[in-house]
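Numbering (my numbering), first residue to last: 13 to 402.
We put the beta carbon where it would ideally sit given N, CA and C, even for glycine.
All figures in this text were calculated on a predicted structure; none of them were measured in a lab.
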């Protein structure tokens with residue numbers, strides 16, 4: 013490296029072999045014609061920033077030097093190569109022993125892995141997308157234990173579907189900013205820029221010559237990430253079969269539950285969220301019974317949007333709406349939300365009469381106080397008040 017530019021000359025040894033000579037002769041080229049390649053990129057991340065950067069993105073086509081760049085720029089970074097994966101150890105036990113359990117669950121949920129049963133499985137039992145989210149959470153955990161070391165993730169989101177890649181990008185960037193950890197994502201998937209929302213983007217290039225200085229670095233302002241358009245409405249109770257294995261408590265569903273769902277606009281056959289509501293015990297109104305989001309879509313706010321819409325729907329009928337939860341991600345969402353007021357701080361006792369007390373897990377109670385859906389629209393969605401959808 014020199015000046016504000018990173019440059020690297022890659023020299024390829026001249027190949028030998030009969031077929032190589034034959035092909036070169038057929039094409040009229042020399043065997044050493046492509047032996048020298050020069051890669052380059054502006055080192056804008058090293059410049060003085062009024063506010064220190066937190067999230068960076070190195071992207072571009074394969075063969076442009078992304079991996080070589082990060083190896084030279086951040087030789088002491090925390091990378092996936094630092095992680096070990098014991099075969100039969102549960103995910104929650106893969107984190108540093110000094111890290112409190114609350115921080116472990118915060119990191120997992122923040123990275124978009126909100127399926128609690130997955131936390132208790134060994135990594136080899138996880139899907140590729142789930143393991144990728146665990147990897148992000150563990151790298152950030154190491155950065156907490158070693159302040160000042162950046163996290164650099166090469167091949168970021170490689171091999172995972174687009175929904176998982178988007179959600180992981182949003183979650184990782186959010187956690188990095190909350191924890192003040194520098195995170196550099198390296199990927200050929202340039203479409204993730206708007207979801208990762210980095211402070212800067214570097215695009216290393218193959219240079220045409222020693223004086224070639226193309227634009228390869230861009231500072232960015234934080235922007236609102238792309239919106240996800242959802243279709244919300246009633247669903248049949250059999251939809252629960254798609255979600256039951258991902259609920260953090262149980263796969264059961266109350267017989268009289270009102271079932272509502274979320275679908276991604278433009279993909280009406282893919283239900284990504286399920287929320288069930290039942291009559292509250294010992295007080296008027298309804299309470300949240302089950303809310304689950306399909307794993308690839310966790311971390312994008314789908315659960316919050318669905319739950320809030322369900323609550324506004326039921327409140328539109330003049331009903332009080334309650335929620336008791338112990339799920340770390342949902343608790344954090346409720347704390348931050350202006351649509352919910354806490355009625356009971358976190359504790360081990362559930363006050364609703366007629367129900368088993370939650371004496372072994374921490375829960376908190378909330379009441380919906382947000383916008384209310386028009387009564388006519390609420391009745392149109394729900395039909396006759398109190399009627400079971402099943």
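| Item | Value |
| --- | --- |
| Nearest-angstrom beta carbon gap, residue 104 and residue 116 [assumed within contact, 8 Å] | 6 Å |
| CA nearest to the CA of residue 224, picked from 35, 387, 53 | 53 |
| Local conformation of residue 359 per DSSP, three classes | strand |
| Span of the alpha helix (DSSP H), counted from its first residue to its last, around residue 78 | 78 to 85 |
| Residue 250 to residue 273 span [Cα, whole Å] | 11 Å |
| Contacts around residue 355, its chain only, beta-carbon distance under 7 Å, and the 5 residues preceding and following it disregarded | 377, 378, 379 |
| Exposure label - residue 16; buried when at least 16 CB within 10 Å | exposed |
| Proximal residues to residue 234 (C-beta, below 7 Å), its chain only, five neighbours per side dropped | 209 |
| Cα-Cα separation, residue 269 to residue 335 | 14 Å |
| Beta-bridge partners of residue 223, as assigned by DSSP | Per DSSP, none; premise fails for residue 223. |
| Cβ-based burial, residue 48 [other Cβ within 10 Å; buried from 16] | exposed |
| Cβ pair residue 343, residue 213 closer than 7 Å | no |
| Straight-line Cα distance separating residue 152 from residue 240 | 26 Å |
| Beta-carbon spacing of residue 111, residue 163 below 7 Å | no |
| Spatial distance of residue 86 from residue 189 (CA atoms) | 19 Å |
| Cross-strand partners of residue 8 (DSSP beta bridge) | It is not possible to answer for residue 8, since the shown part of the chain is limited to 13 through 402. |
| Three-state class that DSSP yields for residue 141 in the structure shown | helix |
| Residue 237 (DSSP reduced to helix, strand or coil) | coil |
| As assigned by DSSP and simplified to three states, the class of residue 307 | helix |
| Whole-angstrom distance between residue 360 and residue 371, CA atom to CA atom | Interpretation of residue 371 is limited by its pLDDT of 45, a score under 50 that renders its predicted location unreliable; the figure taken from the coordinates is listed afterwards. So the two alpha carbons sit approximately 5 Å from each other. |
| Residue 147 vs residue 64 beta-carbon contact at 7 Å | no |
| Within 7 Å, strictly: CB atoms of residue 248 and residue 304 | no |
| Residues near residue 157 in its chain [Cβ-Cβ closer than 8 Å; skip 5 each side] | 108, 110, 111 |
| Three-state secondary structure (DSSP) of residue 65 | coil |
| Reduced DSSP secondary structure (H/G/I, E/B, other) of residue 354 | strand |
| Chain-order list of residues whose beta-carbon lies under 6 Å from that of residue 392 (same chain, five-residue window excluded) | none |
| Residue 242 - partner residues in DSSP beta bridges | 276 |
| Bridge partner(s) assigned by DSSP for residue 288 | 271, 302 |
| Euclidean distance between Cα positions of residue 140 and residue 56 | 33 Å |
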